[in-house]
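Q: This is the structure I have questions about; it appears just below.
Residue numbers (our numbering): 2 to 83.
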């Protein structure tokens, strides 16, 4: 049985995706997006609550593992963090 170069490349791609996937299944276009958005929302909500409690930008940045510049951008543009 002969395997074409294309089939071999596709097999390698599937194996590489399966190795990097958390579920062991090949990645689809939408899979990585949802956890990233959930993580971002959690961090923004947490940052918003900590700022409301009176913590400084530096303390909040350390707590939510982001930069002070990012927090100031969110806050200075008048956008709610949520």
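We put the CB at the ideal spot given by N, CA and C, even for glycine.
1. Using three-state DSSP, classify residue 72 as helix, strand or coil.
2. Leaving out the 5 sequence neighbours to the left and right, which residues in its chain are closer than 8 Å to residue 44 when beta-carbon positions are compared?
3. Are there 16 or more other CB atoms within 10 angstroms of the CB of residue 62, so buried, or fewer, so exposed?
4. Tell whether a beta-carbon distance below 9 Å holds between residue 74 and residue 60.
A: In short:
1. helix
2. 65, 66, 67
3. buried
4. no
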